[in-house]
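Engineer:
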Amino acid sequence: MSVLRSVVRVQRDDFDLGLEVKALRSGDTGVGAVAAFVGTVRDVNDGSGVSTLTLEHYPGMTEAALEEIAGQAHARWRLNATLIIHRFGELQPTDQIVMVGVTSAHRGDAFAACEFIMDFLKTRAPFWKKEQTPQGARWVDARSTDDEAAARWGAEPQAAGLPPAQGR
Amino acid sequence: MNITLLYFAALREVLGIERESVQLPAEVQTAVQLRAWLAGRGDVWSQALAPGRALRMAVNRKLADPDTLLVEGAEVAVFPPVTGG
Numbered sequence: 638m639s640v641l642r643s644v645v646r647v648q649r650d651d652f653d654l655g656l657e658v659k660a661l662r663s664g665d666t667g668v669g670a671v672a673a674f675v676g677t678v679r680d681v682n683d684g685s686g687v688s689t690l691t692l693e694h695y696p697g698m699t700e701a702a703l704e705e706i707a708g709q710a711h712a713r714w715r716l717n718a719t720l721i722i723h724r725f726g727e728l729q730p731t732d733q734i735v736m737v738g739v740t741s742a743h744r745g746d747a748f749a750a751c752e753f754i755m756d757f758l759k760t761r762a763p764f765w766k767k768e769q770t771p772q773g774a775r776w777v778d779a780r781s782t783d784d785e786a787a788a789r790w791g792a793e794p795q796a797a798g799l800p801p802a803q804g805r
Numbered sequence: 858m859n860i861t862l863l864y865f866a867a868l869r870e871v872l873g874i875e876r877e878s879v880q881l882p883a884e885v886q887t888a889v890q891l892r893a894w895l896a897g898r899g900d901v902w903s904q905a906l907a908p909g910r911a912l913r914m915a916v917n918r919k920l921a922d923p924d925t926l927l928v929e930g931a932e933v934a935v936f937p938p939v940t941g942g
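Top to bottom, those sequences are chains G and H.
The first sequence begins at 638 in the numbering used here and counts up by one.
The second sequence begins at 858 in the numbering used here and counts up by one.
Here it is as structure tokens:
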């Protein structure tokens, strides 16, 4: 028997992928697949070196937006649990920024939901990156490729009225 | 109607303001009307909020469409397209 679970955390602190995945699937004997994604800070972006990345967010809305995205993933695929952790504050190259973990009975749902959550998060969760480069500080511009990635899943992300996901 | 306005990221820096309470004239009812009204403040406001500028708005912490209705006491945020993840 699977228990529907959705956890969202917005935090300054780092996280441990292994511990988070262990907790996510703990005690759930129906899980046959775990998919996890971690996004990290690169030292180069748009041709400039990046020494520090500062993430700003909209407290209150951020959590609600991530919960809505997770809820849409649960509505579209057969998932046992989802976890979204997103950091804010000052980060350095190689630091972890974000993780998404998904458990399911089968890999197809887990892979697809993990990618869906990241694609939607990048276009709908209120975070903004500011880079420190040798030329000075600059705000990162949104990429059209991120909009295109989110659009693959359906332009109108209201959970009702979405076609059912293709199976595994 | 009275609302609270929040500004984030590059827009907050350009405008030099993070939060304000405003009383809207009766004709400002929707998100896009609010944006135009703010642009009408002139100077840096008219540049940063010009119609061609890519901006997003949220009303009571939900992403808004241009036609989203404002409500008394709403928290309305204006910000650049998001870049998290």
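For each residue, glycine too, the CB sits at the ideal point set by N, CA and C.
Note down the Cα distance separating Tyr864 of chain H from Leu906 of chain H, rounded to an integer number of angstroms.
Structural biologist: To locate residue 864 of chain H, count along the second sequence from 1; it is residue 7. To locate residue 906 of chain H, count along the second sequence from 1; it is residue 49. Cα to Cα, the separation comes out at about 12 Å.
Engineer: Could you check whether the segment 779-793 of chain G touches the segment 724-733 of chain G, counting it as contact only if at least three pairs of C-beta atoms, one from each stretch, sit closer than 8 Å?
Structural biologist: In short, these stretches do not touch, since the Cβ pair count stays below three.
Engineer: Can you find the residues in the same chain that come closer than 7 Å, C-beta to C-beta, to Tyr921 of chain H, ignoring five residues on each side of it along the sequence?
Structural biologist: Against the second sequence, residue 921 of chain H aligns to sequence position 64. In the sequence under discussion, the amino acid at residue 921 of chain H is Ala, which differs from the Tyr named in the question. The answer, listed in chain order, is Ala888, Met914 and Ala915.
Engineer: Please say whether Gly942 of chain H and Asn859 of chain H have beta carbons closer to each other than 8 Å?
Structural biologist: Locating residue 859 of chain H in the second sequence gives position 2, counting from the first residue. Locating residue 942 of chain H in the second sequence gives position 85, counting from the first residue. No, these two residues do not count as a Cβ contact at 8 Å.
Engineer: Quick check: does the Cβ of Leu868 of chain H come within less than 7 Å of any heavy atom belonging to the ligand FAD?
Structural biologist: Among the components modelled here there is no ligand, and therefore nothing to report on the ligand FAD.
Engineer: Between the C-alpha atoms of Ala747 of chain G and Pro923 of chain H, what's the straight-line distance to the nearest angstrom?
Structural biologist: By one-based count along the first sequence, residue 747 of chain G stands at place 110. By one-based count along the second sequence, residue 923 of chain H stands at place 66. Ala747 of chain G and Pro923 of chain H: Cα-Cα distance of roughly 35 Å.
Engineer: Using the C-alpha atoms, what's the distance from Ala867 of chain H back to Gly684 of chain G?
Structural biologist: Reading the first sequence from its first residue, position 47 is the one you call residue 684 of chain G. Reading the second sequence from its first residue, position 10 is the one you call residue 867 of chain H. Each residue's Cα considered, the two are about 21 Å apart.
Engineer: Rounded to the nearest angstrom, what separates Leu692 of chain G and Leu728 of chain G at their Cα positions?
Structural biologist: Stepping through the first sequence from its first residue, residue 692 of chain G is reached at position 55. Stepping through the first sequence from its first residue, residue 728 of chain G is reached at position 91. Those two C-alpha atoms are separated by around 8 Å.
Engineer: By the criterion of Cβ-Cβ separation under 8 Å, what are the contact partners of Leu692 of chain G in chain H?
Structural biologist: Position 55 of the first sequence, counted from the start, is the residue given in the question as residue 692 of chain G. Per Cβ cutoff of 8 Å: Gly941.
Engineer: Pull up the CB-CB distance for Phe764 of chain G and Thr699 of chain G, whole angstroms please, since I reckon it's below 8 Å.
Structural biologist: As a working mapping, residue 764 of chain G is identified with position 127 in the first sequence. As a working mapping, residue 699 of chain G is identified with position 62 in the first sequence. Yes, Phe764 of chain G and Thr699 of chain G are in contact; Cβ-Cβ is about 7 Å, under 8 Å.
Engineer: What separation, rounded to the nearest whole angstrom, lies between the Cα atoms of Glu932 of chain H and Val885 of chain H?
Structural biologist: If you number the second sequence from 1, residue 932 of chain H lands on position 75. If you number the second sequence from 1, residue 885 of chain H lands on position 28. One C-alpha to the other measures close to 15 Å.
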